[in-house]
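To keep things clear, I will list the structure first and then write my remarks on it.
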Amino acid sequence: MRTPLIAANWKMHKALKEAVDFVGRFAALASAGSMEIVICPAFVHLAAVGEICQKHGIKLGAQNMFWEATGAFTGEISPPMLKDLGVDYVIIGHSERREHFAENDRQIARKVKAAFQFNLVPILCVGETLQQRRASRTMDVIAEQVNGALSGLDPSWVRRIVIAYEPVWAIGSGLAATGSVAGAAGAWIRATIGEMFSLDVARAVRILYGGSVQAENIEDFLRETDIDGALVGGASLDADNFARLVNRAQEAVTA
Ligand code: 13P
């Protein structure tokens, strides 16, 4: 049984007070049941947000990290630094990092490996651009990204990974994928992992959908066999709104 997971990616939003206040309000309104909830604030707010999250059984995630443990890498944050702050999850290879910071599959693979080495669970993001979808390259692109990030890894690590299918055209656009488009991508990701590792590993991996997820459409995604949750951007920024989304998700997974 895979535990459903809803993760909030706050990106570069919120001042410290707003970030801290969010958690108490959200926790008062949301019933996550058996689902896992992860909040990924900006690096500088991890400590403060993490402290309150812990009280409410909410997991803490980072939005990125570097692969080295220490060294002369000005401005970077290492896996053990995150671990020290109580971080459990780390988003790796988000399309915004691929696009604006030129992250490539080789760098992403190093980050995924480093996350596992330091006992952090990577949330690996994959997904095609609109141009790639129009050229019918979606499945090739996803398989390349999964292969690029995971090949050569220990299967006992890979079974713990979370993969977020986030089509670039659906992020922040209000144009979410349909449940069946997300479900097909999820099935394809699982099949790819099955081929690379084993059926058993593939069955253990949690796959999320991300891209314009709202309280109104979360059920469409959770209905899909190969979708185990969501990575939520815009709709995770307001506590009431995110609690509504989580409550709907909880109803959907227990239905
Ligand atoms: P939106 O939910 O705002 O489309 O963002 C999705 C995302 O990029 C989460 O990582």
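In the working numbering, the protein residues as written are 112 to 366. The C-beta atom is built at its ideal place from N, Cα and C for all residues, glycine as well. Because the structure is a prediction, the values reported are computed rather than measured.
Inter-residue Cα distance where the pair is residue i and residue j
i           : j           : result
residue 200 : residue 127 : 20 Å
residue 164 : residue 360 : 19 Å
residue 172 : residue 208 : 16 Å
residue 185 : residue 156 : 19 Å
residue 304 : residue 167 : 34 Å
residue 178 : residue 151 : 18 Å
residue 223 : residue 274 : 11 Å
residue 252 : residue 355 : 33 Å
residue 321 : residue 187 : 26 Å
Outcome for residue i when other beta-carbon atoms lying within 10 angstroms are tallied against a minimum of 16
i           : result
residue 146 : buried
residue 328 : buried
residue 317 : buried
residue 247 : exposed
residue 284 : exposed
Of the residues the options, the one placed nearest residue i, counting alpha carbons only
i           : options            : result
residue 358 : 138, 223, 129      : 138
residue 160 : 250, 258, 306, 131 : 131
residue 368 : 236, 306, 141      : Missing from the structure shown is residue 368; the chain here goes from 112 to 366 and no further.
residue 217 : 262, 206, 181      : 262
residue 306 : 354, 226, 255      : 255
residue 288 : 258, 252, 239      : 239
Cβ-Cβ separation, residue j to residue i (assumed contact under 8 Å), whole Å
i           : j           : result
residue 120 : residue 347 : 7 Å
residue 313 : residue 301 : 5 Å
residue 244 : residue 280 : 7 Å
First through last residue of the beta strand (DSSP E) which encompasses residue i
i           : result
residue 119 : 116–120
residue 341 : 340–343
residue 147 : 147–151
residue 170 : 170–173
residue 253 : Looking at the DSSP string, residue 253 is not in any beta strand (DSSP E); the run it does join, the alpha helix (DSSP H), is 249–261.
residue 232 : 232–237
residue 275 : 273–276
residue 203 : 200–203
Endpoints, alpha helix (DSSP H) assigned at residue i
i           : result
residue 190 : 190–195
residue 296 : 290–307
residue 310 : 310–315
residue 266 : 266–269
residue 183 : Segment: none, residue 183 is in no alpha helix (DSSP H) and carries neither H nor E.
residue 219 : 216–228
residue 160 : 157–166
residue 128 : 127–140
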